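The structure appears below as structure tokens.
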Amino acid sequence: MDVKDSNGNLLIEGDSVTLIKDLKVKGSSLTLKRGTVVKNIRLTNSPAEIEGRAGGSTMVLKTEFLKKA
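Here the sequence shown is numbered in the UniProt record's numbering, starting from 1 and rising by one per residue.
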């Protein structure tokens, strides 16, 4: 399974990615700002999602809002 960012770059376990858009976090008043770096990502079963630590907690992010750092 190939997981790609918004620019089509291949993502692998342990990569760092940058947010390309401000994202509101569901169930929280937290907003992740554009340019936030998420380090040491983990791949999920879905090619459209990755798991990473941002804003002090672990969350699942859609790859369409990320670019490889």
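Beta carbons are placed, not taken as given, at the ideal position from N, Cα and C, and that holds for glycine. In this text, all values refer to a predicted model and were calculated from it rather than measured experimentally.
Contact set for serine 6: own chain, Cβ-Cβ below 8 angstroms, skip 5 residues either direction: For the purposes of this step, residue 6 is taken as residue 6 along the sequence shown, with counting starting at 1. Ile20, Thr63, Glu64, Phe65, Leu66, Lys67.
Leaving out the 5 sequence neighbours to the left and right, which residues in its chain are closer than 8 angstroms to threonine 58 when beta-carbon positions are compared? By 1-based counting over the sequence shown, the position of residue 58 is 58. Hits under 8 angstroms: Glu51, Gly52.
Spell out the partners DSSP gives arginine 53 in its beta bridges. The residue given as residue 53 occupies position 53 in the sequence shown. In DSSP, arginine 53 forms a bridge with Thr58.
Secondary structure of threonine 36, DSSP reduced to three states: Position 36 of the sequence shown, counted from the start, is the residue given in the question as residue 36. It is coil, neither helix nor strand.
Does the Cβ-Cβ distance between lysine 24 and threonine 31 come in under 8 angstroms? Sequence index remark: in the sequence shown, residue 24 carries index 24 (1-based). Sequence index remark: in the sequence shown, residue 31 carries index 31 (1-based). Yes, the Cβ-Cβ distance between lysine 24 and threonine 31 is below 8 angstroms.
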